[in-house]
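Student:
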Amino acid sequence: MDLGKDLVAASATPLVLAILAEGESYGYAIIKRVGELSKGHLQWTDGMLYPVLHRLERHGLVASQWRSSETGRRRKYYRLTKEGRTELEAERKRWQIVDATLNRIWMRACPA
Amino acid sequence: MSAAADHPPLEEQIGQWRAYLRRRRAITGPDVEELEAHLRDQVGALIQAGLAEDEAFLIAVKRLGSLDALSREFAREHSERLWKQLVMAPDGDAAPATATRIETLVMLALAAAAAVAIKIPGLFGLELVDRNGPFYARNASLFVLPFVTAYFVWKRRMAPRHWVWLAVAFVAAAVVVNTFPFARGTTGPSHTEALCALHLPIALGLVVGIAYVGGRWFEGGGRMNFVRFSGELFIYYVLIALGGGVLTAFTIMMFEAIGMKAEWIAQQWLIPCGAMGAVIVGSWLVEAKQSVIENMAPVLTRLFTPLFTIVLLVFLATMAWTRRPIDIQRNVLIAFDLLLVVVVGLVLYAASARDPEAPPNLFDRLQLLLIVSALVVDTVALFAIASRISEFGFTPNRVAALGENLILLVNLAWSAWLYAAFLRGRGAFRALEAWQTAYLPVYATWAALVVVLFPPLFRYV
C-alpha cells in the first residue's frame, strides 16, 4: 500500500527517534528496522534517511560518532540525546492525539 | 548468461558511483562515506540473498534514490554548502596545511614589502606630497609589480636564469623613467611624463604575466589563465579598496571624536601602503580561490555585453537620424579609445570563460553585433579626427591615442572576422581565443614603445 510522500515524511522523525531509543544504530540498520516494524509497508528511499538524521543531529536530538564496525568498515553511529528523548515523548503524544481522533471517527465514517 | 562477465567488478562500480556523488556540492566527503557504507551493507545483504554482484549493486543504488533527488534533499538540510567558502585552512584532499601556511606567510611578507617600498623614497627627501606627484606617478607600478612578480616566481618555482630577465626588465624600467630629463612645467608632470606613468604598468603587466605562467608563455592555456587572473584581480582589488575606504573613514572619524586630526595617517600611510599591499593580497586571493568560487569577470561580461551593444546601437541610430557630427574635442580620441578597450575587454573575458568546443549560441551573435557596432562607431570617429588632425598637430598624447586606437581596431576587426567565420560554421572558436591571447604582447610592446621612445621623440615635453 502506498502511504504517500507527506505521511512518510511526517512519520520519519518519530520513527527514527523511537528506533534510536532502542539503542544506538546506523543508517542501514535503521532502514532495515523500519522495514521489519512496518512489515514492508513503509518504503523509504534509502538515501533520504541521511538528510533526516543530519537534521535531527543539527537540532541536537541525536548525536553521532564514527566507529569501526565488527567487519572493520567505518560507520557513523547515531544515538538519542536527552533532548531527543524529550522530543520523542512529545512526538508520541502528538501522534496519539491524531490516532485517537481518527479512531473515534473511523467506525462511523467507513463502517466496513 | 554472459552478461555478468561484461560488467565491471563491484569495486570499480562503487568507485564510479562514489565519484559521481563527490561532484555534488551539497554532499561532502563524510556524507559520501556514510552513503557508501550503506550501499555496501545493502549490496552485501542482497548478495547473501542470492543475487549476483552487479544485480545487487543496481538494486542497492536504486534504493538509495536518484542522485538529483538525494542532493536536493542534502542541499535543503545543508544549504550553507551551496555557498562555497574561501577556505583559509583547507580540508581533506586539498593542499597540505603547512604548504598553505607557508604561502600565506610569503604573501604577507611580500605585501608588507610593497607597503614599505612606497615609503622608502620618503627617507631620501621625496615625501609623499603633491610636489613629488610626478615621481610617484612614474614609479607607481615599480613599487608593487616587482613583488607580485616575486610572488609568482616563488610560487611557480622559476629558475634564477629565467627570472633574472624579469628583474632586468624592472631595473631597466626604473632607470628609464627616472633618468629621462622631463620638462618641468609649473603644473604637474609634462605630457610625455604622464604618458610614461600611464603606459609603464601596461608594459610591466607582461612581465607579471610571464611570471604568472612560470615562464612558459607559449605553452598550453597559460596566457588565457593570465587573462582570467587579471580580470579577477581587478575585481578583488576594487572590493579590497572599498573595504579600505571604510577603514579609512572610520579611522578619521574616531580620532576626530577625541579631537585629533588623523588625515595625515590616512594620506601618508593607510592609503598608499594599503593600495600597494592590496595588489599582493588580491593576487594571492585569486590564486587561492580559483577552484573554489566561480569567476566574476565573465559574469560581469555577460551582464554588460547586451547593455553596451544596446547603447552603441542607439548611439549609431541617433547619429544617423539627427545627422549630428562628432564634436571633435580634445579628449574625444581618448574617449573612443576607452570604448574600444571596454569592448576588447568584453570580448576577451567572454572568451576566457567560454567552452571552446561548444557550438555557436545567441551570446556569440550578440558579441559579434557588439564588435561590429563598436567598429562602426570608432571608424566614424576616426574619420572625423583624421580630417582635422593637421589642424591639431601631432602632440605626444594624440599620437599615443591614435596608435592605441589602431591597435584596438585591428584586434576587433580580426575578431569580428573570426567570430563571423565561427558563427557560419567555417572556423573554430579556438581561433578567436588564440588570436586574443597572441595579441596580448602587442599591447605591452606598444606601451613599452610609448615609455621608451616618446619622451626623446617629443623632446620630453
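Protein chains in written order, with the numbering used here: chain A, 1 to 112; chain B, 113 to 573.
Even for Gly, the Cβ is constructed at its ideal location relative to N, Cα and C.
#1: In terms of DSSP beta bridges, what is A:A63 paired with?
#2: Nearest CA to the CA of B:A525: which residue from B:D490, B:A556 and B:E167?
#3: For A:R14, would you say it is in contact with chain B, using Cβ-to-Cβ distances shorter than 7 Å as the test?
#4: Counting along the chain, where does the alpha helix (DSSP H) carrying B:M408 start and finish?
#5: What does DSSP give as the partner residue(s) for A:S25 in the beta ladder?
#6: Taking just the CA atoms, how far does B:R414 sit from B:E185?
#7: Give the straight-line distance between the Cα atoms of B:W558 and B:F362, rounded to the nearest whole angstrom.
#8: Based on DSSP bridge pairs, tell me the residues matched to A:S68.
#9: Assign A:I105 to one of two classes, buried (16 or more other C-beta atoms within 10 Å of its C-beta) or exposed (fewer than that).
#10: Could you give the residue range of the alpha helix (DSSP H) that holds B:E368?
#11: Pair every Cβ in the stretch 462 to 481 of chain B with every Cβ in the stretch 408 to 424 of chain B, then say whether three or more of these pairs are closer than 8 Å.
#12: Can the beta-carbon of B:F338 be found closer than 7 Å to that of B:G321?
#13: Scan the stretch 22 to 53 of chain A for residues whose Cβ lies nearer than 7 Å to a Cβ of chain B and list them as they occur along the chain.
#14: Classify B:Y132: buried if its beta carbon has 16 or more other beta carbons within 10 angstroms, exposed otherwise.
#15: Which same chain residues, not among the five before or five after A:L56, have their C-beta less than 6 Å away from its C-beta?
#16: Roughly how many whole angstroms lie between the Cα atoms of B:L257 and B:V228?
#17: Is the Cβ-Cβ distance between B:D449 and B:A513 less than 7 Å?
#18: Since A:K76 meets chain B, which of its residues come closer than 9 Å, beta carbon to beta carbon?
#19: Do you know offhand how far A:E70's Cα is from B:L176's?
#20: State yes or no: is the C-beta of B:G355 within less than 7 Å of the C-beta of B:M270?
#21: Let me make sure I understand the geometry here. Which of B:S527, B:F330, B:F495 and B:G537 has the alpha-carbon closest to that of B:P472?
#22: Using only alpha-carbon positions, find the residue among B:G333, B:I126 and B:A390 that is nearest to B:L223.
#23: Taking CB distances under 7 Å as the criterion, tell me whether A:R55 reaches chain B.
#24: Exposed or buried, which one is A:R58 when buried takes at least 16 other CB atoms within 10 Å?
#25: Run down chain B in chain order and give the residues with a C-beta less than 8 Å from the C-beta of A:R73.
#26: In the DSSP assignment, find the alpha helix (DSSP H) that holds B:R243 and state where it starts and stops.
#27: Any beta-carbon of chain A closer than 7 Å to the one on B:G127?
#28: If we ignore side chains and look at the alpha-carbon of each, how far apart do A:P14 and B:I422 end up?
#29: So with Cβ pairs under 7 Å, would you call B:R175 a contact of chain A?
#30: Quick check: is the beta carbon of B:D205 nearer than 7 Å to any beta carbon in chain A?
#31: Quick one: does B:L158 have its CB under 7 Å from some CB of chain A?
#32: Measure the CB-CB distance between B:W396 and B:M219 and report whether it falls below 7 Å.
#33: Check whether the Cβ atoms of B:Y572 and B:P293 lie closer than 7 Å to each other.
#34: B:T212 to B:A400, Cα distance in whole Å?
#35: Using the beta-carbon count (16 or more within 10 Å), is A:K76 buried or exposed?
#36: How long is the line joining the alpha carbons of A:V34 and B:R188, rounded to whole angstroms?
Tutor: The structure says:
#1: A:R79
#2: B:D490
#3: A quick correction: the sequence has Pro, not Arg, at residue 14 of chain A. No, because no Cβ of chain B sits closer than 7 Å to the Cβ of A:P14.
#4: Premise fails: B:M408 is in no alpha helix (DSSP H) and is neither H nor E.
#5: A:Y78
#6: 31 Å
#7: 42 Å
#8: A:R74
#9: exposed
#10: G334 to A369
#11: yes
#12: yes
#13: G27, Y28, T45, D46, G47, M48, Y50 and P51
#14: exposed
#15: V62
#16: 14 Å
#17: yes
#18: P142, E145, E146 and A149
#19: 23 Å
#20: no
#21: B:G537
#22: A quick correction: the sequence has Ala, not Leu, at residue 223 of chain B. With distances taken between Cα atoms, B:A223 lies closest to B:A390.
#23: yes
#24: exposed
#25: A149 and R152
#26: Segment: none, B:R243 is in no alpha helix (DSSP H) and carries neither H nor E.
#27: no
#28: 59 Å
#29: yes
#30: The predicted position of B:D205 is uncertain, since its pLDDT is 44 and thus under 50; a value taken from the coordinates is nonetheless stated next. So no, B:D205 is outside the interface.
#31: no
#32: yes
#33: yes
#34: 9 Å
#35: buried
#36: 23 Å
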